[in-house]
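Visitor:
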Amino acid sequence: MIRWIPLFFTLLLFTSLATSDDAARHDRTPELSAEQPGGDFTLQSSRGEFALKQFRGKVVLLYFGYAKCPDVCPTSLAVLAQALGELSDDELKMVQGVFVSVDPDRDSFQVLDDYVSYFHPNLIGVTGTAAELAEVAELYGVKYSKVDLEDSAFGYAVDHSSTTYLITPDGELRFMFPHHTPSFVILEAIRYVLTADLSR
Ligand code: NI
């Protein structure tokens, strides 16, 4: 049987373990300029305007990256998809996964839709103008920058922080999962927020 590990300590543990290896540069703790990170924003998707406010009543899992990312995004989205895949249909109705592309020049809505649907049908891909994205990134402490790749068909990569954000049905940023957080931790957090009435 699964032994219950208090989520808080589990998160601490994985935060402290996430120090080395291939993705070290992605393990930076988000630099938060605001005292209260998070907040509402509006971007675009293939379905039209995407406003975080529209998802009140749902748990939102938010991740920032780009579709051509060679390893970091696929790893994170696979972990998120694994957690989503463990949810029942009823639970899944209360959850929305959101992938924010910080590479709008290459990530058209079509590219984004194809990309996220590969991982899980619950995911929606959104993006915006460079200025809009910079504003959202500032809210969440996301860092990203273009890195020119010589001798590569990709042209450039985008170095970016890799944190998965959990936003409560009240629109409050509740958890930030560092890169390499295992899916069961994210799953426990989703279920915790779904079952706990945090507003009372
Ligand atoms: Ni990436």
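First residue of the sequence shown: 770, per the numbering used here; consecutive thereafter. Glycine residues also receive a C-beta, built at the ideal position from the N, C-alpha and C atoms.
1) Closer than 6 angstroms between the C-beta and any heavy atom of the ligand NI: which residues qualify, listed along the chain?
2) Would you mind sorting Asp872 into buried or exposed? The rule is 16 or more other CB atoms within 10 Å of its CB.
3) Answer yes if the segment 878-895 comes into contact with the segment 845-857, meaning at least three C-beta pairs across the two stretches below 8 angstroms, and no otherwise.
4) The beta strand (DSSP E) spanning Tyr925 covers which residue range?
5) I'd like to check one pair, Phe833 with Val911: are the Cβ atoms closer than 8 angstroms?
6) When DSSP labels each residue in this structure, what does Ala965 get in the three-state scheme?
7) Over the uninterrupted alpha helix (DSSP H) stretch that includes Asp917, give me the two end residues.
8) Which residues in the same chain as Leu881 place their Cβ atom closer than 8 angstroms to its Cβ, once the five residues preceding and following it in sequence are excluded?
9) I believe Leu963 touches Glu860 by the beta-carbon criterion, under 8 angstroms. Please report the beta-carbon distance rounded to the nearest angstrom.
10) Short of 6 angstroms in beta carbon distance, which residues of its chain neighbour Val905, apart from the five on each side in sequence? Order them along the chain.
11) Tell me which same chain residues have a C-beta within less than 6 angstroms of the C-beta of Ser931, skipping the five on either side of it?
12) Just to confirm the assignment: which complete alpha helix (DSSP H) runs, minimum length 4, are found wholly within the segment 873-902?
13) What do you get for Gly807, buried or exposed, if any count of 16 or more other CB atoms within 10 angstroms of its CB means buried?
14) Taking the DSSP output, what are the residues bridged to Glu818?
15) Going by C-alpha to C-alpha distance, which of Val927, Arg875, Asp883 sits closest to Cys838?
16) Put Tyr934 into one of helix, strand or coil per three-state DSSP.
17) Would His819 and Gln865 qualify as a contact pair, given that the criterion is a beta-carbon distance under 8 angstroms?
18) To the nearest whole angstrom, what separates the beta carbons of Ala958 and Leu935, a pair I think is in contact under 8 angstroms?
19) What number of angstroms, rounded off, separates the C-alpha of Leu831 from the C-alpha of Thr933?
20) Are the beta-carbon atoms belonging to Arg943 and Thr937 less than 8 angstroms from one another?
21) Drop a sphere of 10 angstroms on the beta-carbon of Leu918, count the other beta-carbons inside from all chains shown, and report buried for 16 or more, exposed for fewer.
Guide: Here's the rundown:
1) So the residues near the ligand NI by this Cβ test are Gly834, Tyr835, Cys838, Val841, Cys842, His929.
2) With 16 or more other Cβ atoms within 10 Å, it is buried.
3) The segment 845-857 vs the segment 878-895: in contact.
4) Per DSSP, the unbroken beta strand (DSSP E) holding Tyr925 starts and ends at 925-929.
5) Contact check for Val911 against Phe833 passes: the beta carbons are separated by less than 8 angstroms.
6) Looking at Ala965 - three-state DSSP - the assignment turns out to be coil, as it is neither helix nor strand.
7) No alpha helix (DSSP H) contains Asp917, which is instead part of the beta strand (DSSP E) from 913-917.
8) Here Leu881 has Ser814, Ser815, Ala836, Phe868, Ser870, Gly894, Val895, Thr896 as same chain residues with Cβ atoms under 8 angstroms from its own Cβ, once five neighbours each way along the sequence are excluded.
9) The distance from the Cβ of Leu963 to that of Glu860 is about 6 angstroms, consistent with a contact at the 8 angstroms cut-off.
10) Only Phe810 meet the Cβ criterion.
11) His795, Val841, Ser845, His948.
12) List check, alpha helix (DSSP H) in window: 878-888.
13) Label assigned to Gly807: buried.
14) Answer is Gln813.
15) Checked all of Val927, Arg875, Asp883; the closest Cα to Cys838 is Val927.
16) DSSP places Tyr934 within a strand segment (E or B) once states are collapsed to three.
17) The sequence given here places Phe at residue 819; His does not occur at that position. It is not a contact, given that the beta carbons lie outside the stated cut-off.
18) Sure, about 6 angstroms apart at Cβ, within 8 angstroms.
19) Taking the straight line from one Cα to the other gives about 6 angstroms.
20) Cβ distance < 8 angstroms, so Arg943 and Thr937 count as in contact.
21) Under the 10 Å beta carbon count, Leu918 is surrounded by fewer than 16 other beta carbons and is classified as exposed.
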